[in-house]
Amino acid sequence: MIIVLKPECSKEQLISFKENLTNNYGVKVNTWEGVHSTVLGLIGDTTAIDIDYISAQDIVEDVRRVQEPYKKANRKFHPEDTVIELSNGTKIGDGSLVLMAGPCSVESSSQVCEIARSVKESGAHILRGGAFKPRTSPYAFQGLKAEGLDLLKQARRETGLPIVTEIMRTSHIDMFENVDIIQVGARNMQNFELLKELGKTNKPILLKRGLASTIEELLMSAEYIMAEGNDKVILCERGIRTYETYTRNTLDLSAVPILKSLSHLPVIVDPSHATGKSWLVESMSMAAVAAGADGLIIEVHNNPKCALCDGAQSLTPEQFDRVAKRVNGLKSYLTNN
Ligand SMILES: [Mn+2]
30 MIIVLKPECS
40 KEQLISFKEN
50 LTNNYGVKVN
60 TWEGVHSTVL
70 GLIGDTTAID
80 IDYISAQDIV
90 EDVRRVQEPY
100 KKANRKFHPE
110 DTVIELSNGT
120 KIGDGSLVLM
130 AGPCSVESSS
140 QVCEIARSVK
150 ESGAHILRGG
160 AFKPRTSPYA
170 FQGLKAEGLD
180 LLKQARRETG
190 LPIVTEIMRT
200 SHIDMFENVD
210 IIQVGARNMQ
220 NFELLKELGK
230 TNKPILLKRG
240 LASTIEELLM
250 SAEYIMAEGN
260 DKVILCERGI
270 RTYETYTRNT
280 LDLSAVPILK
290 SLSHLPVIVD
300 PSHATGKSWL
310 VESMSMAAVA
320 AGADGLIIEV
330 HNNPKCALCD
340 GAQSLTPEQF
350 DRVAKRVNGL
360 KSYLTNN
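All you need for my numbering is the position in the sequence shown, starting with 1, plus 29.
Given below as structure tokens:
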């Protein structure tokens, strides 16, 4: 962290400010005294220093971080990739391509079980499905809730596929005890109380990027979970809101290599919510794999026209089968060349 002091800063103020920094944060302070102003360079772990507190000091002209404000999610302090292993042996982040597929919402036993069987046959490793749905309108279908969780577990019993589903509130954590991966949706990416509670569990957490969140904000949200002791975080790029209206969101594929370089956590891509259009899912899935994604999460419905949620972006089982074949083909080409 670099701090530029105002020209009028006195010797006494400088000494007491430096003492304050050393005593409170345990950092080493280097000082460069120029003709017009003095510059301080803080060496050590500055993650706990509140940049707003520093800039609020009368003698401070400017302050800038040169180190990322996250530590546990930071590749600098953890160079090896994090690999998350589920109880059935499925690994995420080990260099393979993990496919998560299933309906936006769980609607009925036959619906979710039929989709689970077909996506498994196409090579999916994990079944996705929403039981609690964060909908833009309070009048839209809100999900089957607890019954939806039971139906996901039924589909898991029938197919052996681990399940990933979204949590919306802290008080539901106990209900998610038997879920394999807990998803935090885009709208809850900065629900810090929820993140902290999930950090106290040992469940893998699929953390989606908020629709108006920066890459650094996503990593800071991962840091919230990890700071409580849970380092099993999977990052998910699902499109951000821009001025473009043709697609539901704008898929920020550059986030994939950037996140992989800044962090050791696995990164997956959701081409369904990123585009909102089923015909774009295949090309964006291919692009995500080429960009280095560790996996994809794709919405699949056995009858998209009648889906209670997100039908326009859902693939049919046949379309998913084609996408799975193409991304797996691309992945093996990239691995061997
Ligand atoms: Mn959806």
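Where a beta carbon is used, it is the ideal one built from N, C-alpha and C, also for glycine. None of these values were measured; they are calculated from a predicted model.
In the three-state scheme derived from DSSP, where H, G and I count as helix and E and B as strand, L264 is classed as strand. Between V298 and E266, the gap from beta carbon to beta carbon is short of 8 angstroms. Between N103 and S250, the alpha-carbon positions lie close to 12 angstroms from each other. Counting only beta-carbon distances shorter than 5 angstroms to the non-hydrogen atoms of ligand 1, the qualifying residues in chain order are C133 and D339.
Contact annotation, L248 with S292: C-beta distance approximately 6 angstroms; criterion of less than 8 angstroms satisfied.
As summarised for the stretch 63 to 103, the continuous beta strand (DSSP E) elements at least 3 residues long and confined to that stretch are 67 to 72 and 89 to 93, given in chain order. When secondary structure is reduced to three states using DSSP, S139 falls in the helix class. With fewer than 16 other Cβ atoms inside 10 Å of its own Cβ, K354 counts as exposed. The Cβ atoms of L288 and L264 lie closer than 8 angstroms to each other. Leaving aside the five residues that flank L227 on each side, the residues in its chain whose CB is nearer than 6 angstroms to its CB run, in chain order, I234 and I254. Listed in chain order, the non-local C-beta contacts of E143 below 7 angstroms within the same chain comprise N331, local neighbours out to five positions each way being set aside. Comparing alpha carbon positions, the residue from S84, T51, S147 and E257 closest to D350 is S147. For L69 against T60, the beta-carbon gap comes to about 6 angstroms, under 8 angstroms, which counts as contact. Under the rule that a run must span 4 or more residues, the alpha helix (DSSP H) segments found entirely inside the stretch 198 to 257 read 221 to 228 and 244 to 256.
C-alpha of K162 to C-alpha of A175: approximately 12 angstroms in a straight line. Across the structure, Q96 and L126 are spaced so that their CA atoms are roughly 31 angstroms apart. For E328, the closest of Q219, V352 and T119 by C-alpha to C-alpha distance is V352.
Y99 counts as buried, since no fewer than 16 other beta carbons sit within 10 angstroms of its beta carbon. Note that the C-beta distance between G189 and V135 is not below 8 angstroms.
The three-state secondary structure of E48, taken from DSSP, is helix.
In the DSSP assignment, A130 falls within the unbroken beta strand (DSSP E) covering V127 to G131. Taking all protein chains shown into account, S314 has 16 or more neighbouring C-beta atoms within 10 Å of its C-beta and is therefore buried. The Cβ-Cβ distance between L223 and R198 falls below 8 angstroms. Taking C-beta atoms under 8 angstroms as the contact rule, G268 and A316 fail to qualify, at a distance of about 13 angstroms. Taking the C-beta atoms as reference points, Q212 is found nearer than 8 angstroms to E195.
At a cut-off of 3 residues, the continuous stretches assigned as beta strand (DSSP E) that sit fully inside the stretch 254 to 330 are 262 to 266, 296 to 298 and 324 to 328. The beta carbons of I210 and I244 sit no closer together than 8 angstroms. I72 sits exposed, since fewer than 16 C-beta atoms from the chains shown fall within 10 Å of its C-beta.
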